[in-house]
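What follows is a single structure, written as structure tokens, with notes after it.
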Amino acid sequence: EAGVAQSPRYKIIEKRQSVAFWCNPISGHATLYWYQQILGQGPKLLIQFQNNGVVDDSQLPKDRFSAERLKGVDSTLKIQPAKLEDSAVYLCASSWGDRAYEQYFGPGTRLTVT
Amino acid sequence: AQRVTQPEKLLSVFKGAPVELKCNYSYSGSPELFWYVQYSRQRLQLLLRHISRESIKGFTADLNKGETSFHLKKPFAQEEDSAMYYCALRRDDKIIFGKGTRLHILP
């Protein structure tokens, strides 16, 4: 089966600019996750979708980050405006609805904010 | 608060030597723990879960509730074991990751 797809793979922007990341989960996976992984740290959950509804966005900085999952399939994560501390790898993962432990991860998008 | 601690950022082990990657957790309730692995230029992936009590690629991990630990072990390290290893805890439908330990197998 095809894995989780993400694009772009790399992005360099200046602070205060906007950026968007795209994720296509594994077909049939109801749950989709966005993680932020800062260098030297483990992945930190930003937002979790179940189909097209938000399950948890408690760690999403809502003043600058937004995410949507229209039609319960693809998802986009946006940062507007970006700050230097947003430099990180943004990982998308998906899973069957009741198997949160068995998440399949995408390759990630490495964001550098200068 | 639920937390996963991996005290070692880097662990260097000679090929053929035993490996132990340490993980401690704090969780109020019955924890469900996992090890994830990320090989160079590959995606993060699940290695093993404590519930299944299985051995994957020669690795095992035993949940010790008394010591709140879930250390990952392998009796004889192989060069292909070099990777980043993340201990993780399940809370509801979310996974909480530790900061990771880089395992470097020396020839």
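From first to last, the protein sequence lines are chains A and B. For the first sequence, our numbering gives the first residue as 1, with consecutive numbering after it. For the second sequence, our numbering gives the first residue as 1, with consecutive numbering after it. A virtual CB, placed ideally from N, CA and C, is assigned to each residue, including glycine.
Verify whether the separation of the beta carbon atoms of residue i and residue j is less than 7 Å.
{"i": "I13 (chain A)", "j": "A82 (chain A)", "result": "yes"}
{"i": "T109 (chain A)", "j": "F21 (chain A)", "result": "yes"}
{"i": "E79 (chain B)", "j": "K22 (chain B)", "result": "no"}
{"i": "G98 (chain B)", "j": "V4 (chain B)", "result": "yes"}
{"i": "A93 (chain A)", "j": "Q37 (chain A)", "result": "no"}
Going along chain A in order, which residues have a C-beta closer than 9 Å to the C-beta of residue i?
{"i": "K99 (chain B)", "result": "G40, Q41, G42"}
Between the Cα of residue i and the Cα atoms of the options, which residue gives the shortest distance?
{"i": "G58 (chain B)", "options": "B:L48, B:G66, B:Q2, B:E8", "result": "B:L48"}
{"i": "E85 (chain A)", "options": "A:Y10, A:A5, A:S7, A:K15", "result": "A:K15"}
{"i": "F105 (chain A)", "options": "A:W96, A:L111, A:T112", "result": "A:W96"}
{"i": "Q6 (chain B)", "options": "B:F34, B:C87, B:L103, B:F76", "result": "B:C87"}
{"i": "L32 (chain A)", "options": "A:V89, A:Q17, A:Q6, A:Y10", "result": "A:Q6"}
{"i": "S28 (chain B)", "options": "B:G66, B:Y39, B:A61", "result": "B:G66"}
{"i": "D81 (chain B)", "options": "B:K9, B:P107, B:R91", "result": "B:P107"}
{"i": "H50 (chain B)", "options": "B:F76, B:Q42, B:N64, B:G100", "result": "B:N64"}
{"i": "R41 (chain B)", "options": "B:A83, B:T101, B:G100, B:R91", "result": "B:A83"}
Please name the residue or residues paired with residue i in a DSSP beta bridge.
{"i": "V4 (chain B)", "result": "B:Y25"}
{"i": "W22 (chain A)", "result": "A:S7, A:T76"}
{"i": "G53 (chain A)", "result": "A:Q50"}
{"i": "S12 (chain B)", "result": "B:H104"}
{"i": "K36 (chain A)", "result": "At residue 36 (chain A) the sequence reads Gln, which differs from the Lys that was named. BP columns for Q36 (chain A) point to A:K44, A:Y90."}
{"i": "Q45 (chain B)", "result": "B:V37"}
{"i": "F105 (chain A)", "result": "A:A93"}
{"i": "K15 (chain A)", "result": "DSSP lists no partner for K15 (chain A)."}
{"i": "E20 (chain B)", "result": "B:K73"}
Just confirm the distance between the C-beta atoms of residue i and residue j, as a whole number of angstroms; I'd bet it's less than 8 Å.
{"i": "Q48 (chain A)", "j": "K94 (chain B)", "result": "7 Å"}
{"i": "P31 (chain B)", "j": "L89 (chain B)", "result": "6 Å"}
{"i": "T68 (chain B)", "j": "Y36 (chain B)", "result": "Actually they do not touch by this definition, with Cβ atoms about 19 Å apart."}
{"i": "I26 (chain A)", "j": "G3 (chain A)", "result": "7 Å"}
{"i": "Y35 (chain A)", "j": "L77 (chain A)", "result": "Contact doesn't hold; Cβ gap of about 10 Å is too wide."}
{"i": "L70 (chain A)", "j": "Q59 (chain A)", "result": "With 8 Å as the limit, L70 (chain A) and Q59 (chain A) do not qualify as a contact, their Cβ atoms being about 22 Å apart."}
Whose Cβ in chain B lies nearer than 8 Å to the Cβ of residue i?
{"i": "A30 (chain A)", "result": "Here the premise fails: no neighbours, minimum Cβ distance about 11 Å."}
{"i": "V55 (chain A)", "result": "D93"}
{"i": "P107 (chain A)", "result": "R43"}
Name, please, each residue of chain A whose Cβ falls closer than 8 Å to the Cβ of residue i.
{"i": "L46 (chain B)", "result": "Y101, E102, Q103"}
Mind pulling the chain B residues with CB within less than 9 Å of residue i?
{"i": "L45 (chain A)", "result": "K94, I95, I96, F97"}
Check the Cβ of residue i against every Cβ in chain A and list those closer than 7 Å, keeping chain order.
{"i": "R90 (chain B)", "result": "A100, Y101"}
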